[in-house]
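Have a look at the structure below, then the notes.
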Amino acid sequence: MAKMSREKDTGKKKSRMAAAAAARANRKKRGSIKEYFKGVKLEMKKVVWPTKKELGSFTVVVLASCAAFALVFWGVDTGVLAAIQAVCF
Numbered sequence: 001m002a003k004m005s006r007e008k009d010t011g012k013k014k015s016r017m018a019a020a021a022a023a024r025a026n027r028k029k030r031g032s033i034k035e036y037f038k039g040v041k042l043e044m045k046k047v048v049w050p051t052k053k054e055l056g057s058f059t060v061v062v063l064a065s066c067a068a069f070a071l072v073f074w075g076v077d078t079g080v081l082a083a084i085q086a087v088c089f
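Sequential numbering from 1 applies to the sequence shown in my numbering.
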């Protein structure tokens with residue numbers, strides 16, 4: 001019986017030690033500002049930039065979506081206001 005409890009204790013101790021080691025490994029290392037900007041430059045090289053034609057079409061899609069949502073919100077707002085006025089007055 002005592003042997004089993006010691007085995008359980010050592011198992012718990014090992015798992016705590018493994019968790020502590022994992023926590024140390026997961027900590028972020030503090031780097032310099034120069035290192036940060038080197039990383040930024042490296043990531044920016046990986047970006048696939050849109051062509052002028054794609055950029056134009058994406059802009060049109062975004063503007064059209066904004067206009068559509070603005071109209072929907074205006075309609076809902078007007079409807080709610082009309083409902084409130086009908087109930088209160």
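Quick reminder that beta carbons are idealized off the backbone N, C-alpha and C, glycines included.
Everything numeric in this text was worked out from a predicted model, so none of it was measured.
From residue i to residue j, what does the alpha carbon distance come to, in whole angstroms?
i	j	result
Ala83	Leu42	56 Å
Thr59	Lys53	10 Å
Ser80	Val87	It is worth fixing the name first, because residue 80 is Val in this sequence and not Ser. About 11 Å.
Glu35	Pro50	28 Å
Cys66	Val48	25 Å
Leu63	Phe69	10 Å
Phe89	Val61	42 Å
Phe37	Ala18	34 Å
Val40	Gln85	55 Å
Val76	Ser57	29 Å
Leu55	Leu71	24 Å
Ser32	Ala20	26 Å
Use the C-beta contact count for residue i: other C-beta atoms within 10 angstroms, 16 or more gives buried, fewer gives exposed.
i	result
Glu7	Because the pLDDT of Glu7 is 47, which lies under 50, any placement of that residue in the model is unreliable, and the number read from its coordinates should be weighed accordingly. Classification of Glu7: exposed, given that the 10 Å Cβ count is below 16.
Within its chain, find whatever has a CB closer than 7 Å to the CB of residue i; leave out the 5 residues flanking it on each side and keep chain order.
i	result
Trp74	none
Going by beta carbon distance, what residues of the same chain come within less than 6 Å of residue i, once the five residues before and after it are set aside?
i	result
Ser15	none
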